[in-house]
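Just below is one structure, and these are the notes that go with it.
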Amino acid sequence: MDIGNSGQRELSVDDLFQGTTFLPDTEPSRFEVLLERVSRNRYTIFTVLYAELFKLFPDSPHLAVFFEQAVNLIVLPPQEQHPIINDPVFQVWQGMTFRYTNQVLTEKSEDTAMLEKMLIEFPDVLARVKAKDKIRPVHDCPPLYRFDVDPLIAIATPPSYEFPKDEEARKQLERSGHPVRFFSDIVNIALLRMEHTWPACHERFKQLVKAICYLPDGLFRSCSASRYTGVILLSSRDNSILDLEESLVHEATHQLLYYIVEMCPVVAEGASREASFTLPWSGQKRDLYGYFHAFYVYIALVKYLERVRSRSSHELQQAQNRLAFIMRGLTRALPDLEASGDFTPQGRQLLENLVKEVRALESKHAGLLAKTTPATVTERVLGATA
Numbered sequence: 012m013d014i015g016n017s018g019q020r021e022l023s024v025d026d027l028f029q030g031t032t033f034l035p036d037t038e039p040s041r042f043e044v045l046l047e048r049v050s051r052n053r054y055t056i057f058t059v060l061y062a063e064l065f066k067l068f069p070d071s072p073h074l075a076v077f078f079e080q081a082v083n084l085i086v087l088p089p090q091e092q093h094p095i096i097n098d099p100v101f102q103v104w105q106g107m108t109f110r111y112t113n114q115v116l117t118e119k120s121e122d123t124a125m126l127e128k129m130l131i132e133f134p135d136v137l138a139r140v141k142a143k144d145k146i147r148p149v150h151d152c153p154p155l156y157r158f159d160v161d162p163l164i165a166i167a168t169p170p171s172y173e174f175p176k177d178e179e180a181r182k183q184l185e186r187s188g189h190p191v192r193f194f195s196d197i198v199n200i201a202l203l204r205m206e207h208t209w210p211a212c213h214e215r216f217k218q219l220v221k222a223i224c225y226l227p228d229g230l231f232r233s234c235s236a237s238r239y240t241g242v243i244l245l246s247s248r249d250n251s252i253l254d255l256e257e258s259l260v261h262e263a264t265h266q267l268l269y270y271i272v273e274m275c276p277v278v279a280e281g282a283s284r285e286a287s288f289t290l291p292w293s294g295q296k297r298d299l300y301g302y303f304h305a306f307y308v309y310i311a312l313v314k315y316l317e318r319v320r321s322r323s324s325h326e327l328q329q330a331q332n333r334l335a336f337i338m339r340g341l342t343r344a345l346p347d348l349e350a351s352g353d354f355t356p357q358g359r360q361l362l363e364n365l366v367k368e369v370r371a372l373e374s375k376h377a378g379l380l381a382k383t384t385p386a387t388v389t390e391r392v393l394g395a396t397a
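The sequence shown begins at 12 in my numbering and counts up one residue at a time.
This is the structure:
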């Protein structure tokens with residue numbers, strides 16, 4: 012282990028994965044370390060990017076504003092800097108700029124026009140991020156967008172969702188679904204219920220989900236992806252508030268795993284990307300990474316559903332049936348995942364910790380599993396997690 016600036020021993024990556032799943036019912040200090048490590052990594056990437064760009068464009072007056080504002084951001088105190096660097100819009104900008112820079116440095120492209128365009132746009136990106144940060148969310152609900160989402164997020168979402176570029180097409184689509192304000196109220200109700208059901212999960216949601224896009228024409232129930240971390244897409248295909256709670260927990264848990272993977276990969280780089288695994292919950296095909304994502308998320312959902320209390324008899328029965336359905340899928344997933352040799356050492360440790368959780372949940376809910384009939388109907392489609 013290393014010694015940090017505070018003089019305290021800093022957990023190594025291996026130590027950080029010992030005995031934890033990072034889920035909301037585990038020691039919160041590990042999650043706080045995870046957030047800090049990811050913020051630190053993102054800051055490091057930005058400073059390295061700045062240095063490489065300074066070497067690429069040593070005498071470029073048209074980029075002077077970028078370099079000035081980049082330095083100002085680099086020297087900000089962490090409490091002011093982290094909200095900016097961790098904003099989804101900033102992260103999309105940084106990811107795109109990093110790729111364009113890498114293409115030039117590796118001589119895969121001699122054209123710097125797109126890269127220079129990203130640098131010229133940086134002041135506007137920074138202004139949009141800062142303006143959004145000043146907006147206080149209502150009841151801790153993140154900002155909810157339809158077609159007014161930031162243009163960089165709209166660029167990043169395909170193939171999950173392609174925002175229409177034509178104004179007439181947008182107007183036509185806006186006639187479908189609920190008004191944004193109404194749907195925002197429904198999401199707020201679901202979040203208030205989440206807070207009552209599992210306060211720690213609600214707290215994680217607030218820290219991980221920075222924006223929601225309401226897309227009733229989306230071909231998914233809910234969706235997210237690591238290329239626009241911090242943003243979740245909802246189509247309002249849930250049949251009840253409890254279903255919406257599940258979608259919100261589902262996507263927040265994907266966000267958590269994105270953070271874990273950003274800090275340390277869980278699947279080996281050379282692992283096959285072939286969709287050779289069949290998800291026991293839906294019958295959809297996934298590669299190992301996608302399968303592990305689903306496994307991780309469904310453990311969180313069981314932990315949420317088992318906490319559902321003080322609801323109508325109908326909702327309580329719905330929660331129990333759903334819990335039993337998910338548990339059976341988790342049990343069927345265990346042999347597939349345990350047999351794989353394509354996990355990194357940290358991924359294997361995380362898997363072993365999760366397997367212990369599943370075994371404990373099997374014992375805890377053995378009575379429920381014994382008295383409920385296995386479901387044969389597959390669930391509705393949730394989005395990809397690549």
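Beta carbons: idealized from backbone N, C-alpha and C, even for Gly.
Alpha-carbon spacing of residue i relative to residue j, whole angstroms
{"i": "H73", "j": "N83", "result": "18 Å"}
{"i": "M205", "j": "E256", "result": "7 Å"}
{"i": "L67", "j": "R53", "result": "21 Å"}
{"i": "H325", "j": "L27", "result": "41 Å"}
{"i": "L8", "j": "K217", "result": "Not covered by the structure: residue 8. The range shown for the chain is 12 to 397."}
{"i": "K143", "j": "N97", "result": "13 Å"}
{"i": "Y269", "j": "T240", "result": "7 Å"}
{"i": "D298", "j": "A167", "result": "22 Å"}
{"i": "T355", "j": "S323", "result": "44 Å"}
{"i": "I271", "j": "G188", "result": "34 Å"}
{"i": "E262", "j": "K221", "result": "12 Å"}
{"i": "A124", "j": "V115", "result": "11 Å"}
{"i": "I337", "j": "V319", "result": "15 Å"}
{"i": "E349", "j": "S251", "result": "35 Å"}
{"i": "G301", "j": "S71", "result": "44 Å"}
{"i": "W209", "j": "I197", "result": "18 Å"}
{"i": "A330", "j": "M129", "result": "47 Å"}
{"i": "G229", "j": "S246", "result": "6 Å"}
{"i": "F77", "j": "P39", "result": "37 Å"}
{"i": "Q29", "j": "D122", "result": "46 Å"}
{"i": "K182", "j": "K375", "result": "51 Å"}
{"i": "S351", "j": "W292", "result": "19 Å"}
{"i": "Q401", "j": "K176", "result": "Because the chain spans 12 through 397 in this model, residue 401 falls outside it and cannot be assessed."}
{"i": "R51", "j": "A381", "result": "47 Å"}
{"i": "A397", "j": "E127", "result": "In this predicted model, A397 has a pLDDT of only 42, less than 50, meaning its place in the structure is not dependable; the value taken from the coordinates is given anyway. Taking the straight line joining both Cα atoms gives about 28 Å."}
{"i": "L312", "j": "L163", "result": "31 Å"}
{"i": "C212", "j": "L253", "result": "15 Å"}
{"i": "F109", "j": "E178", "result": "31 Å"}
{"i": "P69", "j": "A75", "result": "10 Å"}
{"i": "F174", "j": "F193", "result": "21 Å"}
{"i": "L184", "j": "H207", "result": "35 Å"}
Contacts around residue i, its chain only, beta-carbon distance under 6 Å, and the 5 residues preceding and following it disregarded
{"i": "C410", "result": "Outside the displayed span of the chain (12 to 397) sits residue 410, for which this structure offers no information."}
{"i": "R157", "result": "V191 and Y225"}
{"i": "V160", "result": "C224"}
{"i": "V140", "result": "I95, D98, V100 and F101"}
{"i": "R48", "result": "M274"}
{"i": "F42", "result": "F33"}
{"i": "R391", "result": "Per-residue confidence for R391 stands at a pLDDT of 49, beneath the threshold of 50, marking its modelled position as unreliable; the derived number appears in the next sentence. Correct list, in chain order: R232."}
{"i": "T264", "result": "V308 and A311"}
{"i": "L327", "result": "none"}
{"i": "R238", "result": "A167"}
Chain-order list of residues whose beta-carbon lies under 8 Å from that of residue i (same chain, five-residue window excluded)
{"i": "Q80", "result": "F133, P134 and L137"}
{"i": "D353", "result": "V278, A279, G281, A282, S283 and L299"}
{"i": "I310", "result": "T32, L34, L341, L365, E368, V369 and L372"}
Identified DSSP bridge partners for residue i
{"i": "S247", "result": "DSSP output for S247 lists no bridge partner at all."}
{"i": "K296", "result": "T289"}
{"i": "I223", "result": "L155 and I243"}
{"i": "F405", "result": "In the structure displayed, the chain extends from 12 to 397; residue 405 sits before or after that span and is not available."}
{"i": "S233", "result": "L245"}
Contacts around residue i, its chain only, beta-carbon distance under 7 Å, and the 5 residues preceding and following it disregarded
{"i": "L267", "result": "F33, R215 and L219"}
{"i": "R333", "result": "L316"}
{"i": "Y9", "result": "What is shown of the chain runs 12 to 397, which leaves residue 9 out entirely."}
{"i": "T384", "result": "none"}
{"i": "E63", "result": "T112 and L116"}
{"i": "S195", "result": "C152 and L155"}
{"i": "R186", "result": "none"}
Per-residue burial, residue i [other beta carbons within 10 Å of its own, 16 or more giving buried]
{"i": "L155", "result": "buried"}
{"i": "D249", "result": "buried"}
{"i": "G18", "result": "Reliability fails at G18, whose pLDDT of 43 lies under 50, so the model's placement of it is uncertain and the value that follows must be treated cautiously. Burial call: exposed."}
{"i": "I131", "result": "exposed"}
{"i": "T117", "result": "exposed"}
{"i": "A180", "result": "exposed"}
{"i": "K119", "result": "exposed"}
{"i": "K314", "result": "buried"}
{"i": "A335", "result": "buried"}
Original post:
Are three or more beta carbon pairs between the stretch 49-58 and the stretch 94-114 nearer than 8 Å?
Top reply: Short answer: they touch.
Original post:
Contact between the stretch 360-367 and the stretch 297-314: three or more CB pairs below 8 Å?
Top reply: yes
Original post:
For the stretch 339-346 against the stretch 284-297, are there 3 or more C-beta pairs whose distance is under 8 Å?
Top reply: yes
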